[in-house]
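Single-structure report; data block below.
Residue numbers (our numbering), protein chains in the order written: chain A, 1 to 527; chain B, 1001 to 1527.
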């Protein structure tokens, strides 16, 4: 029951599917047989530059104080009685669902959260540090739809889910999973978390994320992660091994499953990524300062709740403030407003000495110039804003409504460009090359000199997708766009994928756990 | 002779031209009649953030000292006897063409250049400040080829040149001209500068650039600019009204026409933009530190020459270091190497208290995702690196070998996104919106409240090209890519263009000057 269903592979036309997309085989469009596409070695990234400060210290303090006022005077609706009780025990004023917070209490708990933590994968090579000056890139998470050039756009399903997990595993630019790279909607919600987490843990050995859709699902995913990592409960409690996204229901509401997620995972020392989704002009004030004030109030409340559950539990401050197109009401991403909010969120997170999460997002419907520039703008906003975790790092389209195989490959290049940018410049006698400049002299060239010969293989970032041929050569090759080139790479990369090893007894234990839980009915739903 | 030749307008199929591209009329692809495309008001931009420091102060000093060593020990070939004499008079050691510089002499002259200056346009509304924390965007300059979706790729010509000037004039994102937006190759080189500058000065009222292709051309363009601005020679010498790009011939050579350009324009208090084109691995060391060391040596030498000619003449430090693709030898742009070099160049320019020039570049052959992300990366490198002048701001493709009408429109959106990002956040009681947050409360929405109603019209950046419709609406509209949307906008924007007024007597004087100089044979060439 946990085996792979049959179906079309991305980049190959599915039998019986309607035509429309072009068929892509393992043969590339320029006629060459595709060889293995080299992946850069696994690397960890650290920021060598000071993040951009979006506002002055006084302005930052004004936002901070305004959000404390919101928490004290308006408060947050917390739709979970245990969470309300825990907060009331610490002095919060509870009236019905509404919780109003004493600023000092909030700040005391927020200060208890760690500045950075290690997120463990089942393969220690993929452990990452979250916080400080570290930068970590995740795959896309949670779109309901998926597409590839050959097969077009379709609802999420387990087959595509698995192939996106394989691609995320194989692309070394992607360091962790951010959730389900597409929603496997063909799996019944009662057992979806079991099979999806099974796939994540067996097809990949990078760190995983679990959705906070009720305590039982949180527990199931944690137990599966424990089995895959071959550790005891005690070790799991010492070693953060799973992330969960906690979206507040903006404005000013913490829903029941999200509160349960905080209680379950903070309690087990796992990482809650608190991310209000504050769209300016819709679920938050139309002004950036106001939207981020509200974001900050919601984030601080949820962070404090986690620290009430367990002081010192790892938590990440997430910023996701963007704007809506006031003509259509559609959310917009990668906009100037998104970027300034991202930078402001980072500045607030640093004020609280918390790791910061931002995202690689865009609202494009095609893998066109808009997808390229909105993603690039988002990434620059994230990086310059001091993001430690860049979620949706690779594969996101349509404001999060679609995962794309080709976009995942294209984004992997963008992430590697950022990773290369994050390599500090080396300035020493050898790189200053004064003697080489003298050797070549006026009017000479550097192609042949030893200084170049010693370094040319790894001197520069080598892209998968970017095409630097001259126009004539590019035209002779069929004028492939970046989307077409990425489409050629998808099947080649999937062919290069190797399933990471897992001890047979671990696999058996995972199989047994999933089988047992499915037999129990998973998590009962009323639909 | 200075009237507009007949020919195809971009976006409309030319009679008699070969087919291939799709015809685009003033009717948009979605069937709607195109209305005027609103342009944001003319604005000047200032950087509110600290530029990113690419290296430590000690490392910067090491690069600075290494470049002084290059100037002292290897020196520069200066292929102009007057320039060599001027430098020798100041203590430089001249041996044949080779000039070796005393570091103290170089630094003394570099220190004489102004930190910022006003660049005057014939319409004072388009005057800009260059330097300090000011940011100015120019149009693309100098490609030999041009394209639009309807008519495809072709050699540069005056008709396209004029339409690109019209588009540059009309798009408010573009603040100054950077040169010829495409080379009008159908104009004979002996008179090209006269007719091209005539078009720039009559079809537009933004500040212009002249190419340094010999003293006589420099003088002609300056005289035409003086006539168009209706000022005396004395006023022109007080008010910088023209820029010229001085490219050193890397490695370590200053060609004769470039030296003439410095002598002519520095002598008349006009702005030389000193830009070594140091491609790492080809015309410069393969290491970024080495390539920028060489860039800096070349820049300092040319800057010093200008200050020897006239202490205090305006000058801009230009950075254009990028890398070649070591597989093909093709230049690459918008790469991590380009960006780190751009940031390092900015740090050096600030060390010398000089305005800094960087560029919006890419190596893409299509207006695809690559064009989008490479341009966005270049722009971010420029902005975060502290660029005061962003050259090639709109319209550049193929590493500078092609100007594109559609890319100019698309880039105008990117520039406006950057302009919007450059607006400082307003943090005050009204924008913090604590009362509005209280008014809406948990679970409410902000669409209808007064705080939103008061601001929704101008709250957010409004793009021309970006399409934020949902997938279904976008598909119903024919699934237009960003390139197709830009192609729809080109004829609409050209239809919106209005020729800026010019007094009849000024136009007559310009006409007479050009007619007279053409009668004289322009600048004689041997081809």
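Positions of the beta carbon are idealized from the N, C-alpha and C atoms, including for glycine.
DSSP places residue 258 of chain A within a helical segment (H, G or I) once states are collapsed to three. By the 16-neighbour rule on beta-carbons within 10 angstroms, residue 1227 of chain B is buried. Closest in alpha carbon position to residue 280 of chain A, among A:268, A:295, A:451, A:512, is A:295. Fully enclosed alpha helix (DSSP H) runs of no fewer than 4 residues occupy 336–351, 369–384 of the segment 301–389 of chain A, in order along the chain. In the displayed model, residue 1295 of chain B falls within a helix according to three-state DSSP. Put simply, the segment 430–447 of chain A does not touch the segment 475–483 of chain A. Fewer than three CB pairs are less than 8 Å apart.
The alpha carbon of residue 1471 of chain B has as its nearest neighbour, out of A:489, A:472, A:397, the alpha carbon of A:397.
Taken in chain order, the complete alpha helix (DSSP H) segments of 4 or more residues contained in the segment 1044–1091 of chain B are 1057–1069, 1081–1089. In the structure shown, residue 396 of chain A adopts extended strand secondary structure according to DSSP, grouped into three states.
Taken in chain order, the members of the segment 94–110 of chain A whose beta-carbon sits within less than 9 Å of a beta-carbon on chain B are 97, 98. For residue 68 of chain A, same chain residues with a beta-carbon under 6 Å away, outside a window of 5 residues either side, are 103 in chain order.
For residue 1290 of chain B, a Cβ of chain A is located within less than 9 Å of the residue's own Cβ.
Distance from the Cα of residue 256 of chain A is smallest, within the candidate group A:171, A:243, A:81, A:147, for A:81.
Across the set A:149, A:240, A:434, the C-alpha of A:240 shows the shortest separation from the C-alpha of residue 312 of chain A.
No Cβ of chain B is located within less than 9 Å of the beta carbon of residue 156 of chain A. At a Cβ-Cβ threshold of 9 Å, residue 1341 of chain B and residue 1291 of chain B count as neighbours. Each residue's CA atom was taken as its position, placing residue 383 of chain A and residue 184 of chain A some 31 Å apart.
CA-CA distance, residue 366 of chain A to residue 333 of chain A, rounds to 14 Å. Looking at A:269, A:219, A:501, the one whose alpha-carbon comes closest to that of residue 118 of chain A is A:269.
Secondary structure of residue 1196 of chain B (DSSP, three-state): helix. The three-state reading of DSSP puts residue 1421 of chain B in helix, counting H, G and I together.
Interface annotation, residue 467 of chain A: in contact with chain B, CB-CB separation under 9 Å.
The contact set of residue 1470 of chain B on chain A, defined by CB atoms closer than 7 Å, consists of 330 in chain order. The DSSP-derived three-state label of residue 452 of chain A is helix. With a 10 Å radius around the Cβ and a threshold of 16 neighbouring Cβ atoms, residue 1314 of chain B comes out buried. For residue 1290 of chain B, the three-state secondary structure derived from DSSP is helix. In the DSSP annotation of this structure, residue 118 of chain A is not part of any alpha helix (DSSP H); the continuous beta strand (DSSP E) holding it starts and ends at 116–119.
Within the same chain, 1275, 1277 come within 6 Å of residue 1247 of chain B by CB-CB distance, once the 5 residues on both sides are set aside. When 8 Å is used as the limit between beta carbons, residue 1443 of chain B is near these residues of chain A: 77, 249, 251, 252, 253, in chain order. Looking at A:216, A:317, A:165, the one whose alpha-carbon comes closest to that of residue 193 of chain A is A:216.
With the criterion set as a beta carbon lying under 8 Å from some beta carbon of chain B, the members of the segment 350–371 of chain A are 363, 364, 365, 366, 367, 368, 369, 370, 371, in sequence order. About 18 Å separates the Cβ atoms of residue 120 of chain A and residue 43 of chain A, ruling out a contact at the 8 Å cut-off. At least one beta carbon of chain A lies nearer than 9 Å to the beta carbon of residue 1339 of chain B. Taking 9 Å as the threshold, the shortest C-beta distance from residue 1269 of chain B to chain A does not fall below it. In the DSSP annotation of this structure, residue 403 of chain A is not part of any alpha helix (DSSP H); the continuous beta strand (DSSP E) holding it starts and ends at 402–404.
In the structure shown, residue 1513 of chain B adopts helical secondary structure according to DSSP, grouped into three states.
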